[in-house]
Amino acid sequence: MLKHLVSGVVILILVFGLIAHAQDSMKAAAPKEMGKSEMTKESGKMEKGEMSKGEMGKAEMGPLMSATCDPSCGWMMKSHDQKEIVEAMKKHAAKHHNMKMTDKEAMAKIKAEGGGDMK
6 MLKHLVSGVV
16 ILILVFGLIA
26 HAQDSMKAAA
36 PKEMGKSEMT
46 KESGKMEKGE
56 MSKGEMGKAE
66 MGPLMSATCD
76 PSCGWMMKSH
86 DQKEIVEAMK
96 KHAAKHHNMK
106 MTDKEAMAKI
116 KAEGGGDMK
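To convert, count from 1 in the sequence shown and add 5; that's the working numbering.
Take a look at the structure:
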(Lines of atoms letter the chains of each structure in order from A; the text may use other names.)
(Lines give C-alpha, C1' and ligand atoms only; values in the text may rest on other atoms or scores of the structure.)
Protein backbone atom coordinates (compact mmCIF):
# COMPACT_ATOMS: atom_id res chain seq x y z
CA MET A 6 0.00 0.00 0.00
CA LEU A 7 2.82 2.38 0.88
CA LYS A 8 4.52 1.64 -2.48
CA HIS A 9 1.34 2.66 -4.35
CA LEU A 10 1.03 5.87 -2.37
CA VAL A 11 4.68 6.86 -2.93
CA SER A 12 4.41 5.98 -6.64
CA GLY A 13 1.29 8.11 -6.97
CA VAL A 14 2.98 11.12 -5.32
CA VAL A 15 6.06 10.78 -7.55
CA ILE A 16 3.87 10.60 -10.66
CA LEU A 17 1.94 13.73 -9.60
CA ILE A 18 5.18 15.63 -9.01
CA LEU A 19 6.47 14.64 -12.46
CA VAL A 20 3.20 15.61 -14.17
CA PHE A 21 3.10 19.05 -12.51
CA GLY A 22 6.78 19.60 -13.33
CA LEU A 23 6.20 18.79 -17.00
CA ILE A 24 3.16 21.08 -17.14
CA ALA A 25 5.15 23.98 -15.64
CA HIS A 26 8.01 23.39 -18.09
CA ALA A 27 5.59 23.28 -21.05
CA GLN A 28 4.02 26.59 -20.00
CA ASP A 29 7.43 28.27 -19.72
CA SER A 30 8.36 26.98 -23.17
CA MET A 31 5.14 28.34 -24.66
CA LYS A 32 5.70 31.78 -23.11
CA ALA A 33 9.22 31.97 -24.56
CA ALA A 34 8.03 30.98 -28.05
CA ALA A 35 5.06 33.40 -28.18
CA PRO A 36 6.95 36.62 -29.13
CA LYS A 37 8.63 34.88 -32.08
CA GLU A 38 5.24 33.98 -33.55
CA MET A 39 3.81 37.50 -33.34
CA GLY A 40 5.13 38.70 -36.69
CA LYS A 41 8.05 40.08 -38.66
CA SER A 42 8.59 43.19 -36.58
CA GLU A 43 12.19 44.30 -36.37
CA MET A 44 11.32 46.32 -33.31
CA THR A 45 11.38 43.17 -31.18
CA LYS A 46 14.92 42.47 -30.06
CA GLU A 47 15.44 38.78 -29.34
CA SER A 48 19.02 39.31 -28.24
CA GLY A 49 18.24 42.24 -25.98
CA LYS A 50 21.29 44.10 -27.33
CA MET A 51 21.06 47.50 -28.95
CA GLU A 52 22.33 47.76 -32.49
CA LYS A 53 24.22 50.66 -34.04
CA GLY A 54 21.98 53.65 -34.61
CA GLU A 55 19.39 52.75 -31.97
CA MET A 56 18.53 55.04 -29.09
CA SER A 57 18.21 53.92 -25.52
CA LYS A 58 15.12 54.92 -23.54
CA GLY A 59 17.08 57.69 -21.83
CA GLU A 60 18.25 59.19 -25.12
CA MET A 61 14.79 59.28 -26.70
CA GLY A 62 13.72 62.47 -24.94
CA LYS A 63 16.97 64.29 -25.77
CA ALA A 64 16.43 64.52 -29.53
CA GLU A 65 14.47 67.51 -30.77
CA MET A 66 10.95 66.59 -31.70
CA GLY A 67 10.16 67.33 -35.33
CA PRO A 68 7.04 66.28 -37.21
CA LEU A 69 6.06 62.63 -36.96
CA MET A 70 7.03 60.76 -40.12
CA SER A 71 6.41 57.22 -41.30
CA ALA A 72 7.64 54.80 -43.93
CA THR A 73 6.14 51.51 -45.04
CA CYS A 74 7.33 48.60 -47.11
CA ASP A 75 5.27 46.66 -49.63
CA PRO A 76 1.88 45.58 -48.18
CA SER A 77 2.83 41.92 -48.61
CA CYS A 78 5.82 42.54 -46.29
CA GLY A 79 4.04 44.68 -43.72
CA TRP A 80 7.12 46.49 -42.32
CA MET A 81 6.41 49.99 -41.01
CA MET A 82 8.26 52.57 -38.96
CA LYS A 83 7.27 55.90 -37.39
CA SER A 84 9.70 58.43 -35.99
CA HIS A 85 10.36 62.12 -35.54
CA ASP A 86 13.90 61.55 -36.83
CA GLN A 87 14.21 61.36 -40.63
CA LYS A 88 17.75 59.95 -40.48
CA GLU A 89 16.56 57.13 -38.23
CA ILE A 90 13.83 56.17 -40.71
CA VAL A 91 16.23 56.31 -43.68
CA GLU A 92 18.78 54.05 -41.94
CA ALA A 93 16.08 51.61 -40.80
CA MET A 94 14.60 51.43 -44.32
CA LYS A 95 18.00 50.77 -45.88
CA LYS A 96 18.74 48.08 -43.29
CA HIS A 97 15.31 46.46 -43.79
CA ALA A 98 15.64 46.48 -47.59
CA ALA A 99 19.07 44.85 -47.42
CA LYS A 100 18.19 42.28 -44.77
CA HIS A 101 14.74 41.18 -45.93
CA HIS A 102 14.65 41.97 -49.66
CA ASN A 103 18.33 41.78 -50.70
CA MET A 104 18.03 45.34 -52.06
CA LYS A 105 20.54 48.15 -51.80
CA MET A 106 18.60 51.37 -51.22
CA THR A 107 20.10 54.86 -51.47
CA ASP A 108 19.30 57.66 -49.04
CA LYS A 109 17.43 59.46 -51.83
CA GLU A 110 15.25 56.40 -52.57
CA ALA A 111 14.49 55.96 -48.87
CA MET A 112 13.62 59.64 -48.39
CA ALA A 113 11.17 59.44 -51.31
CA LYS A 114 9.17 56.82 -49.39
CA ILE A 115 8.89 58.85 -46.15
CA LYS A 116 5.49 60.41 -45.50
CA ALA A 117 4.54 63.03 -42.92
CA GLU A 118 1.89 61.74 -40.55
CA GLY A 119 -1.30 63.48 -41.55
CA GLY A 120 -0.48 63.10 -45.25
CA GLY A 121 2.04 64.37 -47.77
CA ASP A 122 5.61 63.53 -48.83
CA MET A 123 8.61 64.76 -46.87
CA LYS A 124 10.97 66.82 -49.02
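Note that CB positions come from ideal geometry on N, CA and C, so glycine has one too.
Should residue 66 and residue 97 be called a contact, given that it needs their Cβ atoms to be closer than 8 angstroms?
Your numbering for residue 66 matches position 61 in the sequence shown. Your numbering for residue 97 matches position 92 in the sequence shown. The answer is no: Cβ separation not under 8 angstroms.
Less than 8 angstroms between the CB atoms is what I'm expecting for residue 106 and residue 95, so what's the real figure, rounded?
Locating residue 106 in the sequence shown gives position 101, where the first residue counts as 1. Locating residue 95 in the sequence shown gives position 90, where the first residue counts as 1. With 8 angstroms as the limit, residue 106 and residue 95 qualify as a contact, their Cβ atoms being about 5 angstroms apart.
Counting along the chain, where does the alpha helix (DSSP H) carrying residue 95 start and finish?
Counted from its first residue, the sequence shown places residue 95 at position 90. From DSSP, the alpha helix (DSSP H) with residue 95 extends over 87–102.
Check this for me: beta carbons of residue 82 and residue 93, under 8 angstroms apart or not?
Within the sequence shown, residue 82 is the residue found at index 77, counting from 1. Within the sequence shown, residue 93 is the residue found at index 88, counting from 1. Against a cut-off of 8 angstroms, the Cβ pair of residue 93 and residue 82 comes out as a contact.
How many Å lie between residue 20 and residue 28 at the Cα?
Reading the sequence shown from its first residue, position 15 is the one you call residue 20. Reading the sequence shown from its first residue, position 23 is the one you call residue 28. Each residue's alpha carbon lies about 12 angstroms from the other.
Quick one: using the 10 Å Cβ neighbour count with 16 as the cut-off for buried, is residue 111 buried or exposed?
Counting from one through the sequence shown, the residue named residue 111 turns up at place 106. When all chains shown are included, residue 111 counts as buried.
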